[in-house]
Structures are given as structure tokens and as C-alpha cells.
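Data block below; observations after.
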Amino acid sequence: MDNNTFIAGLARQIGKEPAEVKTLASALTESIKEALCNLDSIAVPGFGRFEAVKREEYVDVDKTDGVTKLFPPAISVNFTAGSSLKKRLSHE
Numbered sequence: 410m411d412n413n414t415f416i417a418g419l420a421r422q423i424g425k426e427p428a429e430v431k432t433l434a435s436a437l438t439e440s441i442k443e444a445l446c447n448l449d450s451i452a453v454p455g456f457g458r459f460e461a462v463k464r465e466e467y468v469d470v471d472k473t474d475g476v477t478k479l480f481p482p483a484i485s486v487n488f489t490a491g492s493s494l495k496k497r498l499s500h501e
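Numbering (the working numbering), first residue to last: 410 to 501.
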């Protein structure tokens, strides 16, 4: 499902205009990004938990060219599905 289809479906479900839903979805996305960049975690009841994990810089051999390189620190995101979501997905 692409973003426009998702926004249109959500707009129908909640009885709002797609433009308004798109604005709200963008604001939600930006809020989540900001929290994760600050290494905070976000729990969405009935859905799951997003957790930011920071990997420190490290030296390793680059597998593509065999050269030893310094890899910069990075932040990745782990998602753990909530029990309600797991239950819903296992029944479909």
C-alpha cells in the first residue's frame, strides 16, 4: 500500500479530508523521528514499541573492498510488536 492509498483509507475511516489527515500523519512522523533521534523510545498502545539504538563508531574491514575503515556512529530503530498486534496478525 502506498502513502496516498493509506491516507485516503484513514481519512474515510475517521471522516476527515485527506489533506488534513496527510498533515496530521506528517506531524506524527516528524514527532516520532525527533524522539528517536534523541534516543527516546515510543510505545503505541495496541500497536508496539519503537526503540532507538545507538551503535558507536568502530573499525572493521569493509566487505566490499577489503580495506580497513572507520565506520561512524549510527542510530537504528528496533520495533517490537505489541501483544494486540501480534494476536491480530496471527488470526488473519
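All residues carry an ideal CB built from backbone N, CA and C; glycine is no exception.
| message | So the candidates are 492, 466 and 486; which of them puts its Cα closest to the Cα of residue 441? | response | 486
| Environment of residue 430 [buried if 16+ CB atoms lie within 10 Å] | With 16 or more other CB atoms across the displayed protein chains lying within 10 angstroms of its CB, residue 430 is buried.
| Span separating the alpha-carbon of residue 438 from that of residue 445 | Distance between the alpha carbons of residue 438 and residue 445: 11 Å.
| said: So, with DSSP's three-state summary, where would you put residue 432? | reply: helix
| query | Apart from the five residues just before and just after residue 500, which ones in its own chain have a Cβ nearer than 6 Å to its Cβ? | reply | none
| said: Along the chain, where does the alpha helix (DSSP H) containing residue 457 start, and where does it finish? | reply: Careful: residue 457 lies outside any alpha helix (DSSP H), inside the beta strand (DSSP E) at 457-464.
| task | Find out if the Cβ-Cβ distance for the pair residue 460, residue 450 is shorter than 8 Å. | result | yes
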